[in-house]
């Protein structure tokens, strides 16, 4: 069991790690925005291929969103169910 300074370092490290894990949401948001912009541009250029473009965009955004969800789950684990600290 951690005590004193070791406990403080473990809590600080977990908090910093959770903050870094949440930053995956920023990358996912930017990626989804770029994908939506390019899909809108592609539909503007080829309106007859709209259904193919939209379905490909939705698949790509689902994969992108899963990485953000993984980051959120890791952050929640580090904050609330910290395996290294038993308080």
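In UniProt numbering, the protein residues as written are 1 to 87. Cβ coordinates follow ideal geometry from the N, Cα and C atoms, glycine included.
>> Give me the residue from 80, 13, 5 and 38 with the minimum Cα distance to residue 54.
In response: In the chain shown, counting from the first residue as 1, residue 54 sits at position 54. Comparing Cα positions, the closest option is 38.
> If we count the other Cβ atoms within 10 Å of its Cβ and call it buried at 16 or more, is residue 78 buried or exposed?
Replying inline: Taking the chain shown and counting its residues from 1, one reaches residue 78 at position 78. Classification for residue 78: buried.
> Which same chain residues, not among the five before or five after residue 57, have their C-beta less than 6 angstroms away from its C-beta?
Replying inline: As a first step, residue 57 must be located in the chain shown, where it is residue number 57. For residue 57, where only same-chain residues beyond five positions count, the Cβ hits under 6 angstroms are 35 and 39.
> For residue 65, which residues from the same chain have a beta carbon less than 8 angstroms from its beta carbon, with the 5 sequence-adjacent residues on both sides left out?
Replying inline: Taking the first residue of the chain shown as 1, we reach residue 65 at position 65. Here the set comprises 28 and 32.
> residue 44 to residue 25, Cα distance in whole Å?
Replying inline: Numbered from its first residue, the chain shown carries residue 44 at position 44. Numbered from its first residue, the chain shown carries residue 25 at position 25. Cα to Cα, the separation comes out at about 28 angstroms.
> For residue 75 versus residue 21, is the C-beta spacing smaller than 8 angstroms?
Replying inline: Here residue 75 is taken as the residue at index 75 of the chain shown, counted from 1. Here residue 21 is taken as the residue at index 21 of the chain shown, counted from 1. Against a cut-off of 8 angstroms, the Cβ pair of residue 21 and residue 75 comes out as a contact.
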